[in-house]
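Asks: Those letters in the sequence shown? Residues 6 to 435, per my numbering, in order. C-beta: ideal position from N, C-alpha, C; glycine also.
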Amino acid sequence: MRTNLPLSRLRGSARALGLAVTTPTEGAEPLLARAASPWLRRLPYAVAFGFVATLLPVTVTVLVGDYRVNGAVAGALATAQTVPLLLAVRRPLQAWWIVMAADVLGALFLLGADGVAGRAWPWTPMIVVGRLALMAALGLREPRRTLLGVWLVTGAAGFLFELISPTRSDGIHLLLFILSGAVLLLTASLRERGDAQRRLVEQETISEAERARRTLLEERARIARELHDVVAHHMSVITVQADSAPYRIEGLPAAACEEFSTIAASARESLAEMRRLLAVLRSEGAEGERAPQPGLERVQQLVEATVRAGVPAELAMPAGLGAVPPAVDLSAYRIVQEALANVVRHAPGAPTRVSVSVSADSDRLTVLVVNGPLEQASSPLETSGTGHGLVGMRERVRLTGGTLDTGPLPDGGFRVAACLPLTPAPEEPA
Numbered sequence: 006m007r008t009n010l011p012l013s014r015l016r017g018s019a020r021a022l023g024l025a026v027t028t029p030t031e032g033a034e035p036l037l038a039r040a041a042s043p044w045l046r047r048l049p050y051a052v053a054f055g056f057v058a059t060l061l062p063v064t065v066t067v068l069v070g071d072y073r074v075n076g077a078v079a080g081a082l083a084t085a086q087t088v089p090l091l092l093a094v095r096r097p098l099q100a101w102w103i104v105m106a107a108d109v110l111g112a113l114f115l116l117g118a119d120g121v122a123g124r125a126w127p128w129t130p131m132i133v134v135g136r137l138a139l140m141a142a143l144g145l146r147e148p149r150r151t152l153l154g155v156w157l158v159t160g161a162a163g164f165l166f167e168l169i170s171p172t173r174s175d176g177i178h179l180l181l182f183i184l185s186g187a188v189l190l191l192t193a194s195l196r197e198r199g200d201a202q203r204r205l206v207e208q209e210t211i212s213e214a215e216r217a218r219r220t221l222l223e224e225r226a227r228i229a230r231e232l233h234d235v236v237a238h239h240m241s242v243i244t245v246q247a248d249s250a251p252y253r254i255e256g257l258p259a260a261a262c263e264e265f266s267t268i269a270a271s272a273r274e275s276l277a278e279m280r281r282l283l284a285v286l287r288s289e290g291a292e293g294e295r296a297p298q299p300g301l302e303r304v305q306q307l308v309e310a311t312v313r314a315g316v317p318a319e320l321a322m323p324a325g326l327g328a329v330p331p332a333v334d335l336s337a338y339r340i341v342q343e344a345l346a347n348v349v350r351h352a353p354g355a356p357t358r359v360s361v362s363v364s365a366d367s368d369r370l371t372v373l374v375v376n377g378p379l380e381q382a383s384s385p386l387e388t389s390g391t392g393h394g395l396v397g398m399r400e401r402v403r404l405t406g407g408t409l410d411t412g413p414l415p416d417g418g419f420r421v422a423a424c425l426p427l428t429p430a431p432e433e434p435a
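#1: Quick check on this structure: which residue in Leu222, Ala314, Pro97, Ala83 has the alpha carbon closest to the alpha carbon of Val109?
#2: Taking the continuous beta strand (DSSP E) assigned at Arg420, which residues delimit it?
#3: Let's see if you can read the secondary structure: which residues bound the alpha helix (DSSP H) around Pro331?
#4: Measuring straight from C-alpha to C-alpha, what distance separates Val74 and Val65?
#5: Ignore the nearest five residues each way along the sequence and tell me which others in Trp128's own chain have a CB closer than 8 Å to its CB.
#6: Would you mind sorting Pro89 into buried or exposed? The rule is 16 or more other CB atoms within 10 Å of its CB.
#7: Taking the beta strand (DSSP E) that Val74 belongs to, which residues open and close that run?
#8: Could you check the C-alpha separation between Ala272 and Glu264 for me, to the nearest Å?
#9: Report the option in Pro426, Leu45, Arg196, Ile169 whose CA atom is closest to the CA atom of Ala332.
#10: Have a look at Val133 and Glu209 and give me their C-alpha separation to the nearest angstrom.
#11: When DSSP labels each residue in this structure, what does Gly412 get in the three-state scheme?
#12: On the CB-based measure, 16 or more other CB atoms within 10 Å of its CB, does Ala142 come out buried or exposed?
#13: Among Leu404, Val421, Arg403, Gly417, which has the Cα closest to the Cα of Thr411?
#14: Going by Cα to Cα distance, which pick from Phe114, Leu115, Thr87 is closest to Ile103?
#15: Identify the continuous beta strand (DSSP E) that holds Arg369 and give its terminal residues.
#16: Out of Arg47, Thr27, Val63, Ala79, state which residue places its alpha-carbon closest to the alpha-carbon of Trp101.
#17: Mapping DSSP to helix, strand and coil, what is Leu320?
#18: Return yes when the Cβ of Ala125 is within less than 7 Å of the Cβ of Asp71, no when it is not.
#19: If you compare alpha carbons, which of Val316, Gly186, Gly325, Gly418 is closest to Thr159?
#20: Excluding sequence positions up to five away, which residues of its chain have a Cβ less than 6 Å from the Cβ of Pro378?
#21: Grab me the residues of Arg46's own chain with a C-beta within less than 8 Å of its C-beta, minus the 5 sequence neighbours each way, in chain order.
#22: If we ignore side chains and look at the alpha-carbon of each, how far apart do Pro130 and Leu115 end up?
#23: Report yes if the C-beta distance between Trp156 and Leu189 is below 7 Å; otherwise report no.
#24: Check this for me: beta carbons of Leu76 and Val69, under 7 Å apart or not?
#25: Could you have a look at Thr357 and say whether DSSP puts it in helix, strand or coil?
#26: Just curious, the alpha helix (DSSP H) that Ile103 is in, first and last residue?
#27: Starting from Pro299, follow the alpha helix (DSSP H) in both directions and report where the run begins and ends.
#28: Is Val133 helix, strand or coil by DSSP?
What follows is the structure in structure tokens.
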């Protein structure tokens, strides 16, 4: 059993190499087909044509003049040994098989030629040049196992001719064996390095998209948790009013009392469902917040905290804004909070102005946060952000049906402008 085990492994390895050499890579994509420049995509065709245009006439001339081969035979051998290089741009392994068969056939034919004595055999110098070009194409396309099989077959063919006629051989087969191995190793290393870089870029792109998607989901979950308090307040008011209506209003008929009872029960059920949904949105181990959600009345505290952090900020907000819907109130506060946090992180020390105003027709609330350029003596605390701030602003503006405009200013500062409607948009007819 122990003696048969190495033999079985050897047979398996030989079978795998044979399968690799006879099975080309799927697809017929030309070499450098993914290059950005069109000139690079055409380069393999130009190189292959240059090799064929150079080697074909030289091979015919050398076979006829030096090796004294018949002109027709020399033309046929030269064509079979060089023209398949054009095929190597798309199918290098098939081209290698054709060239290899033509080279072996030529070496056998030269055994009976008159001018072989003192000249390169079994491979001519033109064969060596063409084969090295073919090895470069193979290294840029085929996997390692195929390249190893091609290299071993090339060496085995040369050493076989060494055994057939040692007196004619001048060691050129050994030179081809060494050079082809070096070319295969170099081109395969370049291809694998390029593949690794391409996979890295693809993985970074996927990671960036996944990070943006996760940021968006986190912001939406956070907004949903905060809106729970706003909606829960109104639902609680509806429940209390429906429950107390029969006691506050005298002379209600029994049908009206039953209707109020149904409304209260539906409101309590909606509150319970919303709390269960909130439990799913909360992260594991997180406890519910006990403090009420902030609003525009606490923007002054945000600005004061920003000033204490070293940012010269000022606030312009009228004393009486009037009735502001809870969702708009919370969204406006969060937009100011995120904008000031971005100023502290990316432009510390820059003068900042926060403005909150209501339109003349009391229809829109405008939130404006503008900061100047970063001072030369200061350096940003963060050079690249996670994008949570802008994502959160967009989601909150989308929630209220408003608009958001953000972007850099010509002087190097940054501007955040949000317009939030104070009245609900009219519903479209079904």
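Replies: On the basis of the coordinates in this document:
#1: Ala83
#2: Its beta strand (DSSP E) spans residues 419-426.
#3: 331-351
#4: When rounded, the separation of the alpha-carbon atoms in Val74 and Val65 is 9 Å.
#5: Asp108, Ala112, Arg136, Gly163, Ile177, His178, Leu181
#6: buried
#7: Premise fails: Val74 is in no beta strand (DSSP E) and is neither H nor E.
#8: 12 Å
#9: Pro426
#10: Each residue's alpha carbon lies about 43 Å from the other.
#11: strand
#12: buried
#13: Val421
#14: Ranked by how close their Cα comes to the Cα of Ile103, the residues Phe114, Leu115, Thr87 have Thr87 in first place.
#15: 369-376
#16: Thr27
#17: If DSSP states are grouped into helix, strand and coil, Leu320 belongs with the strands.
#18: no
#19: Gly186
#20: Asp416, Gly417, Gly418
#21: Pro35, Leu37, Ala38, Ala40
#22: Looking at the two C-alpha atoms, the distance is approximately 14 Å.
#23: Yes; because the gap between Cβ atoms is below 7 Å, this pair is in contact.
#24: In the sequence as displayed, the identity of residue 76 is Gly instead of Leu. Contact: yes.
#25: In the three-state reduction of the DSSP assignment, Thr357 falls in the strand class, which pools E and B.
#26: 97-115
#27: Here Pro299 belongs to no alpha helix (DSSP H), and DSSP marks it neither H nor E.
#28: helix
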